[in-house]
Structure formats: C-alpha cells, structure tokens
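Enquirer:
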Amino acid sequence: MTRGFVQAAGVHDISEMLLLAQCGVDAAGFPLRLPVHAEDCGEDEAAAIIREARQQGIAMAATCITYENDPAEAVGLTRRIGASTLQLHGDILPAGLARLRTLGPELFIIKSLIVGRSSEGQLLGEARAAAPYVDAFITDTFDPASGATGATGRVHNWETSRRIARETGIPLMLAGGLGLENVAEAIRQVGPAAVDAHTGLEDPDGRKDAVLVEAFVREARHAFAGLNHAAAGTAPWPVG
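Just so we're aligned, residue 1 is where the sequence shown starts under the UniProt record's numbering, counting upward by one.
1. Answer yes or no: do Tyr67 and Arg101 have a C-beta to C-beta separation smaller than 7 Å?
2. What is the DSSP secondary structure of Met60, counted as helix, strand or coil?
3. Just how far apart, CA to CA, sit Leu172 and Ala53?
4. List the endpoints of the continuous beta strand (DSSP E) containing Thr139.
5. Can you tell me whether Leu132 is helix, strand or coil according to DSSP?
6. Can you tell me whether DSSP reads Pro171 as helix, strand or coil?
7. Should Ile181 be labelled buried (16 or more other beta-carbon atoms within 10 Å of its own) or exposed?
8. On the DSSP letters alone, give me the boundaries of the alpha helix (DSSP H) that Thr199 sits inside.
9. Alpha carbon to alpha carbon, how far is Gly29 from Phe216? Give it in angstroms, no decimals.
10. Only counting the same chain, and skipping five residues up and downstream in sequence, which positions put a Cβ closer than 8 Å to that of Val115?
11. Just verifying my parser: in three-state terms, what is the DSSP assignment at Val36?
12. Which residues in the same chain as Asp13 place their Cβ atom closer than 8 Å to its Cβ, once the five residues preceding and following it in sequence are excluded?
13. Considering only residues of the same chain and omitting the five flanking positions on each side of Gly10, which have a CB-CB separation below 6 Å?
14. Verify whether the separation of the beta carbon atoms of Ile187 and Ala223 is less than 7 Å.
15. So what's Pro94 in DSSP terms, helix, strand or just coil?
Structure follows, in structure tokens:
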C-alpha cells in the first residue's frame with residue numbers, strides 16, 4: 001500500500017493555507033506568472049503566506065507553479081517565495097531543464113505534460129527527453145477554447161497519463177478536472193504517485209471549500225491505499 005500525495009493549487013491567503021493543512025493536504029500550490037488565468041495571489045503575498053505558515057508550524061510543502069521559461073528566473077522565483085518545489089508549465093526544453101537542475105539542486109522539480117495539445121506519441125517523446133532532469137511529471141489538460149494548459153477543470157484521457165507513468169518510470173502527479181466525484185476512479189485507473197486539484201475544490205466564489213477539500217483528501221487516501229508501490233511509484237515528495 002502507499003499513502004499517496006495530495007496537492008491543492010490556488011491559495012489566496014493564510015486562512016486558505018491553514019484550511020488546506022487542517023484538511024490533510026500535503027502541498028499547497030501557488031500559480032504565478034500565468035499567461036491565461038489570473039493569479040490567486042501575487043509573489044510577495046505568496047512569500048508572506050508561506051513564511052507565516054511555517055512560523056505557525058504548518059508541516060505542508062509549498063509549490064511554485066509557473067509558466068516562467070527562463071531557468072534562472074524560475075529558480076529565483078521559487079526561492080523568493082520560499083517554496084521547496086518548482087512545477088513548470090511552460091514550454092521549456094531539456095537543455096533548460098538541465099540548467100534548472102544545476103541552478104536549483106535543492107528543488108524538487110515537476111514538469112507538466114499537457115494531454116490533448118499534441119499526439120500521445122509526441123507527448124511520450126517529450127516525457128522521455130525530460131525524464132533525466134525532473135523528479136516527477138504532472139499531467140494536465142489542454143483547453144483549446146482558451147489555450148490554457150492548467151486549471152481548466154477538464155478531464156483528459158487517463159490512459160495517456162497511465163502510459164507516461166509506466167513507460168518513463170518517473171513518479172506522476174495526475175491533474176485535470178479532478179474532484180470529489182472522480183478522484184478515486186482516476187487513481188485506480190492511472191496509479192499515480194500523487195494527485196492535484198484546483199477548481200474542483202472551490203466554492204462558487206473561487207475559495208477553497210473545507211467540506212470538498214476534506215472529502216477529496218479522504219477519497220484520494222482510500223484509493224491510494226488500494227495501490228501497491230509498483231503501481232503508484234515512489235518519490236521523495238517534499239514536506240514542510
């Protein structure tokens with residue numbers, strides 16, 4: 001069995017950060033420097049939230065989620081806000097990933113793979129090329145209407161995610177339209193090491209709903225418990 005890892009993206013303030021921690025979330029994601037969506041908080045606010053959470057003894061990882069393609073800028077941004085994980089959603093090439101690894105050796109690096117924007121074969125090729133330089137992949141969904149490659153609320157072909165995890169051997173975080181109603185089935189079908197949700201955990205005002213978050217974590221944990229380590233993969237997911 002494996003416990004699995006649960007990330008919730010989109011934090012507005014310290015009260016929302018504390019809510020996530022109280023509901024058992026492992027990592028809070030801070031989307032910054034976005035080409036499509038509005039940020040939930042700015043860079044200075046993100047840094048203040050993470051700093052205050054640590055001062056309050058909150059043992060929850062912080063993830064910098066960004067489309068920043070410049071390696072030095074991406075590493076600098078992650079360090080500036082005090083995050084331990086860098087989640088890259090930009091079109092950064094393997095040479096850029098190698099540079100990132102050199103500049104930020106202490107960072108846990110997650111590279112996004114966007115399902116639906118290109119063919120499955122092309123996506124698998126992208127994953128294989130990136131694999132030597134990353135700690136994990138996150139698969140998310142392309143929205144052709146807006147051009148968004150994250151926080152779309154759309155589900156993608158889970159079989160593609162399953163193939164990426166199986167063929168690369170790199171731990172996978174599954175995202176894309178996950179919510180209380182489908183996270184358990186997604187985990188059973190894909191066998192990821194982690195799951196991520198954003199819009200599926202929010203109320204009509206765009207704030208995290210404690211009831212939804214707590215139930216999502218519970219469903220995810222139960223589904224992860226049914227997987228073995230070989231299926232889910234293992235990764236030193238950072239905490240605190």
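Glycine included, every Cβ here is placed at the ideal spot set by N, Cα and C.
Expert: So, from the listed chains and residues:
1. Counted from its first residue, the sequence shown places residue 67 at position 67. Counted from its first residue, the sequence shown places residue 101 at position 101. Tyr67 places its beta carbon 7 Å or farther from that of Arg101.
2. The residue labelled residue 60 in the question sits at position 60 within the sequence shown. Coil.
3. Counting from one through the sequence shown, the residue named residue 172 turns up at place 172. Counting from one through the sequence shown, the residue named residue 53 turns up at place 53. Cα-Cα distance, rounded: 27 Å.
4. As a working note, residue 139 is residue 139 in the sequence shown. Per DSSP, Thr139 belongs to the beta strand (DSSP E) from 136–141.
5. Residue numbering aside, residue 132 sits at position 132 when the sequence shown is read from its first letter. A small fix is needed here, since residue 132 is Pro in this sequence, not Leu. Looking at Pro132 - three-state DSSP - the assignment turns out to be helix.
6. The residue given as residue 171 occupies position 171 in the sequence shown. If DSSP states are grouped into helix, strand and coil, Pro171 belongs with coil.
7. As a first step, residue 181 is located in the sequence shown; it is residue number 181 there, counting from the start. Position check: residue 181 holds Glu in this sequence, whereas Ile was assumed. So Glu181 counts as exposed.
8. Taking the first residue of the sequence shown as 1, we reach residue 199 at position 199. Taken as a continuous stretch (DSSP letters only), Thr199 belongs to no alpha helix (DSSP H), as it is neither H nor E.
9. The sequence position of residue 216 within the sequence shown is 216, counting from 1. The sequence position of residue 29 within the sequence shown is 29, counting from 1. Approximately 16 Å, taken between the alpha carbons.
10. Mapped onto the sequence shown, residue 115 falls at position 115. Cβ neighbours of Val115 beyond the five flanking positions: Leu123, Thr139, Asp140, Thr141, Phe142, His156, Asn157, Thr160, Ser161, Gly176.
11. Numbered from its first residue, the sequence shown carries residue 36 at position 36. In the structure shown, Val36 sits in coil (DSSP, three-state: anything other than H, G, I, E or B).
12. Counting from 1 along the sequence shown, the entry for residue 13 is found at position 13. The residues are Cys41, Glu45, Ile49.
13. Within the sequence shown, the letter at position 10 stands for residue 10. Counting only Cβ-Cβ distances below 6 Å, and skipping sequence neighbours, we find Asp40, His198.
14. Here residue 187 corresponds to residue number 187 of the sequence shown, with the count starting at 1. Here residue 223 corresponds to residue number 223 of the sequence shown, with the count starting at 1. Taking 7 Å as the Cβ cut-off, Ile187 and Ala223 qualify as a contacting pair.
15. Numbered from 1 along the sequence shown, position 94 holds the residue referred to as residue 94. Residue state, collapsed to three classes: helix.
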